[in-house]
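J.:
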Amino acid sequence: FLFHSLQAKMSRPVQAQRLEGIDKNIWVEFVKLAATYSKVNLGQGFPDFPAPDFLTEAFRRALSGGNHMLHQYTRAFGHPPLVKVLAQFFEKLLGRDLDPMTNVMVTVGAYQALFCCFQALVDEGDEVIIIEPFFDCYEPMVKMAGGTPVFVPLRPNPPKDGKLMSSADWQLDPAELASKFSERTKAIVLNSPNNPLGKVFSRGELGLIAELCVKHDVLCISDEVYEWLVYDGKQHIRIASLQGMWDRTVIIGSAGKTFSATGWKVGWVVGPDRLLQHLRTVHQNSVYHCATIAQEAVAQGFQRELMLYGKPESYFVQLPKELQQKRDWLVQSLDGVGMKPIIPEGTYFLVADISPFKSDVPDVPNSDEPYDSRFAKWMVKNKGLAAIPLSAFYSEAHKNNYTNFIRFCFAKEEATLKAASDILQKWKQEKTS
Ligand code: PMP
């Protein structure tokens with residue numbers, strides 16, 4: 010009786026206010042749908058092919074080799090062999106000297122790197138510019154830090170000659186971007202190559218962002234987890250290497266994306282000590298430390314890549330080659346059924362136009378849920394094919410502006426892509442017969 014009466018008194022709100030309005034998560038919802046209904050899952054971004062042998066062997070060696078200390082805690086801000094090799098690697102990429110102890114920190118995936126950035130650098134009332142469409146967690150993370158996200162869209166310019174659109178056709182309007190910067194702006198989040206479009210920002214576009222950052226004394230949180238996944242000979246340019254940007258940029262990376270091992274959850278940040286010292290404060294008071302064995306194996310992976318840098322045997326050379334073929338294959342098969350793809354310049358995602366399939370999933374006027382979201386749910390339940398609605402990558406205010414697209418992940422075995430294509434072909438035949 011006493012227990013019940015005590016429970017009844019517990020009527021105060023339990024939820025911290027900072028969680029207001031950020032409880033929904035697209036991945037929780039769509040991962041569950043895919044697990045329940047999908048025969049072919051091109052939804053969430055992870056490869057269904059194995060991580061490279063040299064990496065899994067390094068893990069095995071770390072696990073059962075002679076060094077039993079790899080089962081214990083290591084340095085809080087990054088296992089020494091990993092921060093050392095990351096510093097060496099990024100010295101090469103950025104053309105500047107780096108101190109492994111102060112210019113690099115290891116995190117639990119890029120996700121925790123992002124969390125550290127927002128918690129460490131964003132204050133109540135600060136504005137953070139986010140380019141739409143964006144990896145969805147930026148918005149709730151800014152809000153949790155007390156900041157206000159300010160959105161600026163990439164605007165599509167349809168090609169005139171009837172060709173397929175490219176992610177390069179989605180561009181920032183320079184005047185619109187400039188109008189978002191003010192004395193309240195603390196940071197801009199840049200994600201190049203961009204999830205979900207696969208856009209690889211050009212030097213000109215990055216120059217424009219850099220100029221505005223310098224002019225308004227704004228930080229740049231540069232999410233570069235897809236840095237090696239760039240196609241057609243395009244080059245990934247690091248904004249930190251542009252004039253005036255090193256001191257104000259945090260680069261974020263992910264071994265999950267880099268080595269096709271998303272489950273390992275090893276990520277990192279690279280940047281100036283004046284920024285990273287505050288990220289370390291968040292890290293030491295939250296996660297403190299990441300799994301030692303995974304860090305050791307990733308360190309060995311990077312040592313291999315450092316040795317083979319730029320050579321044909323390098324995984325960072327081979328992986329994009331293989332993925333480009335998969336991209337082209339999926340582009341062809343989507344185009345073949347009339348689900349017009351936007352050809353991505355990078356990442357392992359591809360956005361496609363579902364308009365020709367609209368008759369199968371009639372619109373519901375005045376629905377709160379964007380059309381593409383209902384379409385993606387219908388598709389997984391009725392066709393067994395999982396994809397992610399593009400509107401999930403837009404702010405609440407703008408999610409109804411782009412509701413005719415879904416995102417596919419093509420980091421998949423040939424058989425998986427073929428099975429997806431078979432579903433689409435059959436669907437198209439049913440429509441026309
Ligand atoms: N940033 C972007 C743009 C991503 O797409 C992802 C993963 N989907 C992450 C960060 C998170 O990476 P990790 O798995 O290393 O936490």
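Going from the sequence shown to the numbering used here is simple: count from 1 and add 9.
Yeah, the Cβ is synthetic: ideal placement off N, Cα and C, and Gly gets one too.
For clarity, every value in this text was computed on a predicted model and none was experimentally measured.
1. Mapping DSSP to helix, strand and coil, what is residue 374?
2. Going by C-alpha to C-alpha distance, which of 259, 51, 284, 199 sits closest to residue 276?
3. So, is residue 128 buried or exposed, given that buried needs 16 or more other C-beta atoms within 10 angstroms?
4. Within 10 Å of its beta-carbon, does residue 335 have 16 or more other beta-carbons around it, so buried, or fewer, so exposed?
5. Please indicate yes or no: does the CB of residue 412 lie closer than 7 Å to some heavy atom of the ligand PMP?
6. Using 8 Å for Cβ pairs, my map puts residue 232 next to residue 198. What's the rounded Cβ distance?
7. Output the distance between the C-alpha atoms of residue 402 and residue 351, rounded to the nearest integer angstrom.
8. Tell whether a beta-carbon distance below 8 Å holds between residue 178 and residue 166.
9. Quick one: Cα of residue 261 to Cα of residue 40, how far?
10. Ends of the alpha helix (DSSP H) at residue 183?
11. Please state the DSSP three-state secondary structure of residue 199.
12. Answer yes or no: the CB of residue 449 versus the heavy atoms of the ligand PMP, is any distance below 7 Å?
13. In terms of residue numbering, what span does the beta strand (DSSP E) encompassing residue 161 cover?
14. Based on DSSP bridge pairs, tell me the residues matched to residue 275.
15. By Cβ distance below 7 Å, which residues in the same chain neighbour residue 100 in space, the five residues on each side in sequence not counted?
16. Taking the C-alpha atoms as reference points, what is the distance between residue 311 and residue 201?
17. Following the continuous alpha helix (DSSP H) through residue 412, name the residue where it begins and the one where it ends.
18. Is it true that the CB of residue 381 sits closer than 8 Å to the CB of residue 415?
19. So residue 218 is in the alpha helix (DSSP H); what residue range does that whole segment cover?
20. So for residue 231, helix, strand or coil by DSSP?
21. Nearest-angstrom Cα distance between residue 186 and residue 78?
22. Just the Cα atoms here: how many angstroms apart are residue 157 and residue 224?
23. Enumerated in chain order, which unbroken segments of the beta strand (DSSP E) with a length of 3 residues or greater are wholly contained in the stretch 293–372?
24. Express the C-alpha separation of residue 420 and residue 319 in angstroms, rounding to a whole number.
25. Work out the CA separation of residue 406 and residue 332 for me, nearest whole Å.
26. What residue does the alpha helix (DSSP H) around residue 448 start on, and which one ends it?
27. If we ignore side chains and look at the alpha-carbon of each, how far apart do residue 26 and residue 51 end up?
28. Which of the three DSSP states, helix, strand or coil, is assigned to residue 23?
29. Could you say which of 440, 278, 365, 363 lies nearest to residue 234 if we only look at CA atoms?
30. Taking a contact to mean a Cβ-Cβ separation below 8 Å, would you say residue 268 touches residue 60 in this structure?
31. Would you mind stating whether residue 264 and residue 255 have Cβ atoms separated by less than 8 Å?
32. DSSP three-state call for residue 265: helix, strand or coil?
33. Flag residue 157 as yes when its Cβ comes closer than 7 Å to any non-hydrogen atom of the ligand PMP, and as no otherwise.
34. Can you tell me which of the three DSSP states residue 140 falls into?
T.: On the basis of the data shown:
1. As a working note, residue 374 is residue 365 in the sequence shown. Coil, per DSSP.
2. Stepping through the sequence shown from its first residue, residue 276 is reached at position 267. The option with the nearest alpha carbon to residue 276 is 259.
3. Position 119 of the sequence shown, counting from 1, holds the residue named residue 128. With 16 or more Cβ atoms within 10 Å of its Cβ, residue 128 is classed as buried.
4. By 1-based counting over the sequence shown, the position of residue 335 is 326. So residue 335 ends up on the buried side.
5. Here residue 412 refers to the residue found at position 403 of the sequence shown. No, the beta carbon of residue 412 sits no closer than 7 Å to any heavy atom of the ligand PMP.
6. Translated into positions along the sequence shown, residue 232 becomes position 223. Translated into positions along the sequence shown, residue 198 becomes position 189. Their Cβ separation, rounded to whole angstroms, is 7 Å, which keeps residue 232 and residue 198 in contact under 8 Å.
7. Within the sequence shown, residue 402 is the residue found at index 393, counting from 1. Within the sequence shown, residue 351 is the residue found at index 342, counting from 1. Rounded to the nearest angstrom, the two C-alpha atoms are 16 Å apart.
8. Indexing the sequence shown from 1 puts residue 178 at position 169. Indexing the sequence shown from 1 puts residue 166 at position 157. Yes.
9. Within the sequence shown, numbered from 1, the residue matching residue 261 stands at position 252. Within the sequence shown, numbered from 1, the residue matching residue 40 stands at position 31. Looking at the two C-alpha atoms, the distance is approximately 25 Å.
10. The residue given as residue 183 occupies position 174 in the sequence shown. Its alpha helix (DSSP H) spans residues 183–189.
11. As a first step, residue 199 must be located in the sequence shown, where it is residue number 190. Strand, per DSSP.
12. Given that the chain is displayed from residue 10 to residue 442, the structure contains no residue 449 and the question cannot be resolved.
13. For this step, residue 161 is matched to residue 152 along the sequence shown. Counting along the chain, the beta strand (DSSP E) containing residue 161 begins and ends at 157–162.
14. Numbered from 1 along the sequence shown, position 266 holds the residue referred to as residue 275. Per DSSP, 117.
15. Residue mapping note: residue 100 aligns to position 91 of the sequence shown, counting from 1. The residues are 106, 107.
16. Residue mapping note: residue 311 aligns to position 302 of the sequence shown, counting from 1. Residue mapping note: residue 201 aligns to position 192 of the sequence shown, counting from 1. Cα to Cα, residue 311 sits roughly 21 Å from residue 201.
17. In the sequence shown, counting from the first residue as 1, residue 412 sits at position 403. No alpha helix (DSSP H) contains residue 412, which DSSP labels as neither H nor E.
18. Looking up residue 415 in the sequence shown gives position 406. Looking up residue 381 in the sequence shown gives position 372. The answer is yes: Cβ separation under 8 Å.
19. On the sequence shown, position 209 is the one that residue 218 refers to. From DSSP, the alpha helix (DSSP H) with residue 218 extends over 212–225.
20. Position 222 of the sequence shown holds residue 231. If DSSP states are grouped into helix, strand and coil, residue 231 belongs with the strands.
21. Taking the sequence shown and counting its residues from 1, one reaches residue 186 at position 177. Taking the sequence shown and counting its residues from 1, one reaches residue 78 at position 69. Looking at the two C-alpha atoms, the distance is approximately 50 Å.
22. Taking the first residue of the sequence shown as 1, we reach residue 157 at position 148. Taking the first residue of the sequence shown as 1, we reach residue 224 at position 215. Taking the straight line joining both Cα atoms gives about 20 Å.
23. 358–362
24. For the purposes of this step, residue 319 is taken as the residue at position 310 of the sequence shown. For the purposes of this step, residue 420 is taken as the residue at position 411 of the sequence shown. Looking at the two C-alpha atoms, the distance is approximately 22 Å.
25. Locating residue 332 in the sequence shown gives position 323, counting from the first residue. Locating residue 406 in the sequence shown gives position 397, counting from the first residue. Roughly 34 Å between the two C-alpha positions.
26. Outside the modelled stretch of the chain, which goes from 10 to 442, sits residue 448, for which no answer is possible.
27. Taking the first residue of the sequence shown as 1, we reach residue 26 at position 17. Taking the first residue of the sequence shown as 1, we reach residue 51 at position 42. Cα to Cα, residue 26 sits roughly 35 Å from residue 51.
28. Along the sequence shown, read from residue 1 onward, the residue named residue 23 stands at position 14. In this structure, residue 23 counts as coil in the three-state DSSP scheme.
29. Taking the sequence shown and counting its residues from 1, one reaches residue 234 at position 225. Among 440, 278, 365, 363, the Cα nearest to that of residue 234 belongs to 278.
30. Locating residue 268 in the sequence shown gives position 259, counting from the first residue. Locating residue 60 in the sequence shown gives position 51, counting from the first residue. The answer is yes: Cβ separation under 8 Å.
31. Translated into the one-based positions of the sequence shown, residue 264 becomes position 255. Translated into the one-based positions of the sequence shown, residue 255 becomes position 246. No. Outside cutoff.
32. Numbered from its first residue, the sequence shown carries residue 265 at position 256. Residue state, collapsed to three classes: helix.
33. Translated into the one-based positions of the sequence shown, residue 157 becomes position 148. The answer is no for residue 157.
34. For the purposes of this step, residue 140 is taken as residue 131 along the sequence shown, with counting starting at 1. In the structure shown, residue 140 sits in a strand (DSSP, three-state: E or B).
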